[in-house]
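Trainee: In case it helps, numbering that gives the first Met the number 0 puts the sequence shown at residues 0 to 664.
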Amino acid sequence: MPEKKKTFYLTTPIYYPSGKLHIGHAYTTVAGDAMARYKRLQGFDVMYLTGTDEHGQKIQQKAEEQNITPLEYLDPVVEDIQSLWKKLDISNDDFIRTTEKRHTKIIEQVFQKLLDQGDIYLDQYEGWYSIPDETFYTETQLVDVERNEKGEVTGGKSPDSGHPVELIKEESYFFRMSKYADRLLDYYEKNPSFIQPESRKNEMINNFIKPGLEDLAVSRTTFDWGIKVPNNPKHVIYVWIDALFNYLTAIGYGTDQDEKYKKYWPANVHLVGKEIVRFHTIYWPIMLMALDLPLPKQIFAHGWLLMKDGKMSKSKGNVVDPVTLIDRYGLDALRYYLLREVPFGADGVFTPEGFVERVNFDLANDLGNLLNRTVAMVQKYFDGTLSSYKGPVNEFDEELKAVAEQTVKAYEEAMENLEFSVALSNVWTLISRTNKYIDQTAPWVLAKDDTKRKELHSVMYHLAESLRITAVLLTPFLTKTPEKIFFQLGIEEAKLKSWDSILSFGAIQQATVQKGEPLFPRLEVEEEVTYIKEKMQGSAPKVEEKVEVEETELPELGAEIAFDDFSKVDLRVAQVLEAAPVKKADRLLKLQLDFGFEKRQIVSGIAKHYQPEELVGKKLVCVANLTPVKLRGEISQGMILTGETDGKLQVLEVDQSLANGTKIL
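(1) Comparing C-alpha positions only, which one of 105, 643, 179, 141 sits nearest to residue 157?
(2) So if DSSP puts residue 580 in a beta bridge, which residue, or which two residues, is it bridged to?
(3) Taking contact to mean at least 3 C-beta pairs separated by less than 8 Å, is the stretch 420-438 in contact with the stretch 365-372?
(4) Identify whether residue 560 lies in helix, strand or coil by the three-state DSSP scheme.
(5) The alpha helix (DSSP H) spanning residue 79 covers which residue range?
(6) Using 8 Å for Cβ pairs, my map puts residue 610 next to residue 171. What's the rounded Cβ distance?
(7) Over the uninterrupted alpha helix (DSSP H) stretch that includes residue 513, give me the two end residues.
(8) Count Cβ pairs between the stretch 500-509 and the stretch 391-408 that sit closer than 8 Å; are there 3 or more?
(9) Compare the beta carbon distance of residue 324 and residue 343 with 9 Å and say whether it is the shorter of the two.
(10) Does the Cβ of residue 283 have 16 or more other Cβ atoms within 10 Å, making it buried, or fewer, making it exposed?
(11) Using only the alpha-carbon positions, how far apart do residue 507 and residue 496 sit?
(12) If you drop the 5 nearest sequence neighbours on each side, which residues of the same chain put their C-beta closer than 7 Å to that of residue 131?
(13) For the candidate residues 307, 572, 261, 577, whose alpha-carbon lies nearest to that of residue 658?
(14) Once the 5 residues before and after residue 168 are set aside, which same chain residues still bring their CB inside 6 Å of it?
(15) Which word fits residue 478, buried or exposed, when buried means at least 16 other C-beta atoms lie within 10 angstroms of its C-beta?
(16) Which of the three DSSP states, helix, strand or coil, is assigned to residue 335?
(17) Flag this pair as touching only if the stretch 298-307 and the stretch 262-270 have three or more C-beta atom pairs under 8 Å; answer yes or no.
(18) Around the C-beta of residue 543, are 16 or more other C-beta atoms found within 10 angstroms, so that it is buried, or is it exposed?
(19) For residue 319 versus residue 534, is the C-beta distance shorter than 9 Å?
(20) Classify residue 599 as buried or exposed, calling it buried when 16 or more other Cβ atoms lie within 10 Å of its own Cβ.
(21) Could you have a look at residue 603 and say whether DSSP puts it in helix, strand or coil?
(22) For residue 486, I'd like the list of residues in its chain whose CB is within less than 8 Å of its CB, leaving aside the five on either flank, ordered along the chain.
(23) Just the C-alpha distance for residue 709 and residue 54, rounded to the nearest angstrom, thanks.
(24) Whose C-alpha, out of 18, 475, 457, 261, is nearest the C-alpha of residue 391?
(25) Kindly indicate if chain D contains any beta-carbon less than 9 Å away from that of residue 657.
(26) Consult DSSP for residue 654 and reduce its assignment to one of helix, strand or coil.
(27) On the three-state DSSP scale, how would you describe residue 410?
(28) Quick check on residue 203: does DSSP put it in helix, strand or coil?
(29) If you compare alpha carbons, which of 376, 336, 409, 103 is closest to residue 87?
(30) So residue 13 and residue 242 are supposed to be a Cβ contact under 8 Å. How far apart are they, rounded?
(31) Short of 7 Å in beta carbon distance, which residues of its chain neighbour residue 642, apart from the five on each side in sequence? Order them along the chain.
(32) Note down the Cα distance separating residue 577 from residue 618, rounded to an integer number of angstroms.
(33) Can you say whether residue 188 is buried or exposed, counting buried as having 16 or more other CB atoms within 10 angstroms of its CB?
(34) Per DSSP, which one or two residues make a beta bridge with residue 151?
(35) Answer with buried or exposed for residue 603, where buried requires no fewer than 16 other C-beta atoms within 10 angstroms of its C-beta.
(36) Below 9 Å between beta carbons: does that hold for residue 35 and residue 93?
As C-alpha cells, then:
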C-alpha cells in the first residue's frame, strides 16, 4: 500500500469583486501560489483555495446603478479575476464563490446552529458603518472624527481604510463574541505561532481584546443582497459568518461529501492582508470555538504593497495593472519582483525603477548570464556533453558544493516561515557564489592546458549542477524559467527536477547542453521606467494640483573633521538576516547581518521605530570597522546608519542590487 501523503491546506482571502484587481491583490495570491508549489515540490498533498466574497450592500448598489441584477454584475467581474489568476499561473485547486449553493446552504445551517445554541440573539444595533469596508466601528475607533457644537460625534472615517462612515440604527442578530474572549486569549498563549508576524498578535490583544470584546452584529436589514436568515428573511446574514466560512464550505464541511474536510482541516495557514487580520484572528477563531471545530494552525498577515505616495488608487494615478507588466516583461519577472522585493510580513513600496533594476541585475545579469556562460563553455570545451560527478578537485569545488548544500537548508527554513524574500535571497547567494567560482577557476585558462582536462570538467560540472539546484529552488516562484534552464542543461528526468535530488550535490549523471534564448533580455532603464509610469498615470483623472512645500528646520552642522579622519571610517552594505529584541532593553534590537565576507551581530537603538520583522531582508549601510562593544550583555560588531525626522529614526537603505559587503565610497 503506497504511503499516505502529508496534507497542506492554505488559503488566500476571498476577494470582493467590486472592481478590477491590481498588483496588490496579485501579491497575496502569488505568495500563496509559491507556497503551494513549494509544498507540492516536497511531496505534500496540497489544497490551495482562493475565491470571491459576493454579497453585501456595495455589490447591490453597483448592480442597481447599472440597472442589472447583482449576479449579472458579478459574473463578468469574477470571470476577469479568474482570468487574471490564469495569467499569473496561479495553481489553485478550487475557487469558491459565496453565491454558490454549496456555500449558501451551509451558511444557513451554521447560522441556525449558533442561534439554536444561544450564541446568536436578536437585538437593536446602532453604530458607525463603512459601506466599502462592510464594517461597523465604535466612536473610539473612528479617525478624522467630526463633531457638532455640543461635542457630539457627527461623522468620521474608517481606521482601516479611511472611507467615510455613516450612523446606522437597525434591528440585528448578534453573535456572543464577548463570551469567548478569555478562551481566545488562552489559545493565543498556548499557541504562540497562531498569529504571524508576532506584532499582529500584540495589536489584536492590546487594541481589541483587552479593552473588552463587544458582541458582533451578524445580520443586516438595510439591503437584501445576501443569504437570508432562516425563518426571518428580512435579515441577511452578514459578511463575518458568510465570507469567513468559505474556508470550510469549499472543502465540504457539513455535507455528505465531506472527505476533503476530513482530509485537509484544520488549514495549515490562512494568508491575509493586515487590514483584515482582526476578522481572521478574533471573529473567525471564536466562531469556530462556538461550533467546537478545530482552529486553523496559523494566520499570516502580510503587509501592503504600496506606492511612494501611499496605497494604490485610481485618483492618485498610481495603480499598477499586473497584466501590463506581464505582457511587456513576462510572467516570471513580475512573480520574482513581488516576492523578492519586500519581506512578506512588512509593507513594501513598488517603484518602476526597482522593478526594472530587479529584472536587469538579478534576472538578466546574475541568472541569465550565468546560464549563458555555462552552456557556451560546456559546448566549447566538451562538445556540449558532461559525464557523471567525480567529486571536488580543489578547494573552490569544495566551497561551491558547501554553499549549494547550505543554500538548500537556509531556503527550506525561510520557506517554512513564509519568508519568501529571504528564500530568494538565499538562492541568489548561490548564484552569486557560482558566478564568483567562474572567476576563481578561470576555465579559459584551464582549457589551454591538456593536463587540466579533469579539473576543467569538474568546473563545468559544478557550474551545471549549481544551476540545476538553482532551477529546482526557483520552481515555486518562477513558473516558466526553471524549465528553460533544465532544457538548456539537457535535463529531462523528473527525478532531477525533484526536491529530493537537491538534498545532496552531484545528481547529474550525464547531460548534453543546448543553447537557448536569453532567459531575460536586458531592459533599457529610462525607456521602461517611463513606460511603466505612463501606464500608471493613465488611470488618473487629469487634475491640476498645487503643491505646497513644507519648510523643515534642519539641525546645525557638526564640527569639521579632516579628510584623513573621515577616510578611516569603513562603510559597508550588509543585509539583515534576523532581528530580535534585546532582553530587558526596550530600545534595543539585535540584528544578524550578512557582510558578504562574514556574518556579524549589531545592536541598535531602533526598537521603538521598527518591528523586528520589518528589517529582515533590508540592505543597510553599516560602519564595519568599529571596535566591538557589549550592550546589555550582547556583543555589537559595528553600527547601522540612521536618519531622524520628527523623532522618528529611519535606517539608511541601499538598492538590493548592491552586493553584501560592498564598500560605500
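The beta-carbon is built from N, C-alpha and C at its ideal position, and this holds for glycine as well.
Mentor: Straight from the coordinates:
(1) Your numbering for residue 157 matches position 158 in the sequence shown. Minimum Cα distance to residue 157 is reached at 141.
(2) Here residue 580 refers to the residue found at position 581 when the sequence shown is read from its first residue. Beta-bridge pairing links residue 580 to 588.
(3) The stretch 420-438 is in contact with the stretch 365-372.
(4) Indexing the sequence shown from 1 puts residue 560 at position 561. Coil.
(5) Position 80 of the sequence shown holds residue 79. It spans 69-86 - the alpha helix (DSSP H) in which residue 79 sits, taken as one unbroken run.
(6) Numbered from 1 along the sequence shown, position 611 holds the residue referred to as residue 610. Numbered from 1 along the sequence shown, position 172 holds the residue referred to as residue 171. The C-beta distance from residue 610 to residue 171 rounds to 36 Å, too long to meet the 8 Å contact threshold.
(7) Here residue 513 is taken as the residue at index 514 of the sequence shown, counted from 1. Careful: residue 513 lies outside any alpha helix (DSSP H) and carries neither H nor E.
(8) Touching, yes.
(9) Counting from one through the sequence shown, the residue named residue 324 turns up at place 325. Counting from one through the sequence shown, the residue named residue 343 turns up at place 344. For residue 324 and residue 343, no; Cβs fall outside 9 Å.
(10) Here residue 283 refers to the residue found at position 284 of the sequence shown. It is buried - the Cβ of residue 283 has at least 16 other Cβ atoms within 10 Å.
(11) Taking the sequence shown and counting its residues from 1, one reaches residue 507 at position 508. Taking the sequence shown and counting its residues from 1, one reaches residue 496 at position 497. The alpha-carbon atoms of residue 507 and residue 496 are separated by roughly 10 Å.
(12) Indexing the sequence shown from 1 puts residue 131 at position 132. Answer for residue 131: 57, 160, 162, listed in chain order.
(13) The count along the sequence shown starts at 1 and reaches residue 658 at position 659. Ranking 307, 572, 261, 577 by CA distance to the CA of residue 658 puts 572 first.
(14) For this step, residue 168 is matched to residue 169 along the sequence shown. Contacts found: 125.
(15) As a first step, residue 478 is located in the sequence shown; it is residue number 479 there, counting from the start. When all chains shown are included, residue 478 counts as buried.
(16) To locate residue 335, count along the sequence shown from 1; it is residue 336. Three-state DSSP puts residue 335 in a helix.
(17) Three or more beta-carbon pairs separated by less than 8 Å link the stretch 298-307 to the stretch 262-270, which places the two stretches in contact.
(18) Along the sequence shown, read from residue 1 onward, the residue named residue 543 stands at position 544. Caution is warranted here: a pLDDT of 37 is assigned to residue 543, below 50, making its placement in the model unreliable, and the coordinate value is therefore given only provisionally. Sixteen is the threshold: since fewer than 16 other Cβ atoms of the shown chains lie within 10 Å of the Cβ of residue 543, the residue is exposed.
(19) Here residue 319 refers to the residue found at position 320 when the sequence shown is read from its first residue. Here residue 534 refers to the residue found at position 535 when the sequence shown is read from its first residue. Against a cut-off of 9 Å, the Cβ pair of residue 534 and residue 319 comes out as a contact.
(20) In the sequence shown, counting from the first residue as 1, residue 599 sits at position 600. Buried.
(21) Residue 603 sits at position 604 when you count from the first residue of the sequence shown. In the displayed model, residue 603 falls within a strand according to three-state DSSP.
(22) Taking the first residue of the sequence shown as position 1, residue 486 is located at position 487. Result list for residue 486: 513, 515, in chain order.
(23) Because the chain spans 0 through 664 in this model, residue 709 falls outside it and cannot be assessed.
(24) In the sequence shown, residue 391 corresponds to position 392, counting from 1. Measuring from the Cα of residue 391, the nearest candidate turns out to be 457.
(25) Absence of chain D from the displayed structure is noted, only one protein chain being present.
(26) Within the sequence shown, the letter at position 655 stands for residue 654. Assignment of residue 654 by DSSP, reduced to helix, strand and coil, places it in the coil class.
(27) Here residue 410 refers to the residue found at position 411 when the sequence shown is read from its first residue. Reduced to three states, the DSSP call for residue 410 is helix.
(28) Mapped onto the sequence shown, residue 203 falls at position 204. Reduced to three states, the DSSP call for residue 203 is helix.
(29) Taking the sequence shown and counting its residues from 1, the one referred to as residue 87 is at position 88. Of the candidates 376, 336, 409, 103, the one whose C-alpha sits nearest the C-alpha of residue 87 is 336.
(30) Residue 13 sits at position 14 when you count from the first residue of the sequence shown. Residue 242 sits at position 243 when you count from the first residue of the sequence shown. Going by Cβ atoms, the distance from residue 13 to residue 242 rounds to 6 Å, so yes, they are a contact pair.
(31) Position 643 of the sequence shown, counted from the first residue, corresponds to residue 642. Cβ neighbours of residue 642 beyond the five flanking positions: 649, 651.
(32) In the sequence shown, the residue the question calls residue 577 occupies position 578. In the sequence shown, the residue the question calls residue 618 occupies position 619. Going from the Cα of residue 577 to the Cα of residue 618 covers about 12 Å.
(33) Here the question's residue 188 lines up with position 189 in the sequence shown. With fewer than 16 other Cβ atoms within 10 Å, it is exposed.
(34) Within the sequence shown, numbered from 1, the residue matching residue 151 stands at position 152. Beta-bridge pairing links residue 151 to no other residue.
(35) Stepping through the sequence shown from its first residue, residue 603 is reached at position 604. Burial of residue 603 is indicated by the presence of at least 16 other C-beta atoms within 10 angstroms of its C-beta.
(36) Position 36 of the sequence shown, counting from 1, holds the residue named residue 35. Position 94 of the sequence shown, counting from 1, holds the residue named residue 93. No. Outside cutoff.
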